[in-house]
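**Student:** Sharing a structure with you now.
Numbering (my numbering), first residue to last: 273 to 523.
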């Protein structure tokens, strides 16, 4: 996305009001605004990369993608298993081979970890790596979203307090006529931008949480959760609903 390569000023879309005290208030919101935009861009880019790697369209879900990977791994496992042989040497060789497989584990904070074993083709390795990258961005989003929401909310609150005094502040700054009108327009624009970004941060938080939920849910449906998650009470911490494995997939 070209947005990532633009400067923070262009990236945020903030406009100069022309009143120092007001512009200083908006400047305090620039850092969390830039961080939230970058965070969302990274999450969206990671999701698109993984969908494309899986061969899914923009509407493809995490559940569908992991089912697709699971199907490919099952096919790979079958094709990787050598035919039975009465030879003792063959038995020894087979016992040393690791059948390609993957499972879903959890880290110390109960976020999903993808564990892959056996030899797998480069394309599948890329698919797993992109899934791991997507999960990492989800974890980062969930770790920073609350702090960003608080900072942006505080900025909105403080800036909104200046709204009723805007006409007086314009006069004090020597802004009249068209300049005063433009100052008011830019003030409104910046405030709306902050409120819109606040909603987007909350949306990113929900989307990241949903991706984490889907990873654990589909792992349970496919039987690829680690023994620890399978037997541990409360292993489905992130799950809000168990979806029907047939109705949920359009593959």
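C-beta atoms are modelled at their ideal positions from N, C-alpha and C, and glycine is treated no differently. Note that this is a predicted model, so its numbers are computed, not measured.
Do the segment 431-449 and the segment 322-336 touch if we need at least three Cβ pairs shorter than 8 Å?
**Tutor:** With the cut-off at 8 Å, the segment 431-449 and the segment 322-336 do not touch.
**Student:** Can you name, in chain order, every residue of its own chain whose Cβ lies under 7 Å from the Cβ of residue 419, other than the five neighbours on each side?
**Tutor:** On the chain shown, position 147 is the one that residue 419 refers to. Closer than 7 Å at the Cβ level, and outside the excluded window around residue 419, lies no residue.
**Student:** Excluding the 5 residues preceding and the 5 following residue 413 in the sequence, name in chain order all residues of the same chain whose CB lies nearer than 7 Å to its CB.
**Tutor:** The sequence position of residue 413 within the chain shown is 141, counting from 1. Counting only Cβ-Cβ distances below 7 Å, and skipping sequence neighbours, we find 311, 315, 476, 477, 480.
**Student:** Which residue marks the beginning of the alpha helix (DSSP H) containing residue 375, and which one marks its end?
**Tutor:** Against the chain shown, residue 375 aligns to sequence position 103. No alpha helix (DSSP H) holds residue 375; the beta strand (DSSP E) holding it covers 373-378.
**Student:** Assuming residue 466 contacts residue 427 (C-beta within less than 8 Å), just tell me the rounded distance between them.
**Tutor:** By one-based count along the chain shown, residue 466 stands at place 194. By one-based count along the chain shown, residue 427 stands at place 155. Between residue 427 and residue 466 the Cβ distance is about 6 Å, and since that is below 8 Å, they are a contact.
**Student:** Quick one: grab the DSSP three-state call for residue 389.
**Tutor:** The residue given as residue 389 occupies position 117 in the chain shown. In this structure, residue 389 counts as strand in the three-state DSSP scheme.
**Student:** Using a Cβ-Cβ cutoff of less than 6 Å, which residues in the same chain neighbour residue 367 once the five nearest sequence positions on both sides are dropped?
**Tutor:** Your numbering for residue 367 matches position 95 in the chain shown. Residue placement at residue 367 cannot be trusted, given a pLDDT of 40 that sits under 50; what the coordinates show is reported in the next sentence. So the list is empty, once near-sequence residues are dropped.
**Student:** Check for me: the alpha helix (DSSP H) holding residue 433 runs from which residue to which?
**Tutor:** One-based indexing of the chain shown puts residue 433 at position 161. Careful: residue 433 lies outside any alpha helix (DSSP H) and carries neither H nor E.
**Student:** DSSP state of residue 384, grouped into three classes?
**Tutor:** Reading the chain shown from its first residue, position 112 is the one you call residue 384. DSSP places residue 384 in strand when its eight states are reduced to three.
**Student:** Can you list, in chain order, the residues of its chain whose CB lies under 6 Å from that of residue 490, leaving out five sequence neighbours each side?
**Tutor:** Within the chain shown, the letter at position 218 stands for residue 490. If we look at residue 490 and ignore the five residues flanking it on each side, its Cβ neighbours are 335, 338.
**Student:** Under the three-state reduction of DSSP, which class applies to residue 524: helix, strand or coil?
**Tutor:** Only positions 273 to 523 of the chain appear in this structure, which leaves residue 524 out of reach.
**Student:** Taking the CB atoms as reference points, tell me whether residue 331 and residue 409 lie closer together than 7 Å.
**Tutor:** Taking the first residue of the chain shown as 1, we reach residue 331 at position 59. Taking the first residue of the chain shown as 1, we reach residue 409 at position 137. Against a cut-off of 7 Å, the Cβ pair of residue 409 and residue 331 comes out as no contact.
**Student:** Terminal residues of the continuous alpha helix (DSSP H) containing residue 304?
**Tutor:** Along the chain shown, read from residue 1 onward, the residue named residue 304 stands at position 32. It spans 292-326 - the alpha helix (DSSP H) in which residue 304 sits, taken as one unbroken run.
**Student:** Is it true that the CB of residue 308 sits closer than 7 Å to the CB of residue 473?
**Tutor:** Working through the chain shown from its first residue, we reach residue 473 at position 201. Working through the chain shown from its first residue, we reach residue 308 at position 36. In contact: residue 473 and residue 308 (Cβ atoms closer than 7 Å).
**Student:** Can you tell which of 494, 326, 292 has its C-alpha closest to the C-alpha of residue 398?
**Tutor:** Position 126 of the chain shown, counted from the first residue, corresponds to residue 398. Per the Cα distances, 326.
**Student:** On the CB-based measure, 16 or more other CB atoms within 10 Å of its CB, does residue 378 come out buried or exposed?
**Tutor:** Taking the first residue of the chain shown as 1, we reach residue 378 at position 106. Label assigned to residue 378: buried.
**Student:** Report the three-state DSSP secondary structure of residue 475 (helix, strand or coil).
**Tutor:** For the purposes of this step, residue 475 is taken as residue 203 along the chain shown, with counting starting at 1. In this structure, residue 475 counts as helix in the three-state DSSP scheme.
**Student:** In three-state DSSP terms, what is residue 365?
**Tutor:** Counting from 1 along the chain shown, the entry for residue 365 is found at position 93. Confidence at residue 365 is low in this model, with a pLDDT of 48, below 50, so the placement of that residue is unreliable and no value is reported for it.
**Student:** Check this for me: beta carbons of residue 291 and residue 441, under 7 Å apart or not?
**Tutor:** If you number the chain shown from 1, residue 291 lands on position 19. If you number the chain shown from 1, residue 441 lands on position 169. It is a contact, given that the beta carbons lie within the stated cut-off.
**Student:** Give the secondary structure of residue 448 by DSSP, where H, G and I count as helix, E and B as strand, and everything else as coil.
**Tutor:** What you label residue 448 is simply residue 176 of the chain shown in a count that begins at 1. When secondary structure is reduced to three states using DSSP, residue 448 falls in the coil class, being assigned neither helix nor strand.
**Student:** Could you pull the start and end residues of the alpha helix (DSSP H) that residue 350 belongs to?
**Tutor:** Counting from one through the chain shown, the residue named residue 350 turns up at place 78. Its alpha helix (DSSP H) spans residues 334-352.
**Student:** How close, in whole Å, do the beta carbons of residue 384 and residue 345 come, if the pair is a contact with beta carbons under 8 Å?
**Tutor:** For the purposes of this step, residue 384 is identified with residue 112 of the chain shown, where counting begins at 1. For the purposes of this step, residue 345 is identified with residue 73 of the chain shown, where counting begins at 1. Actually they are not in contact, since the Cβ atoms of residue 384 and residue 345 sit about 17 Å apart, beyond 8 Å.
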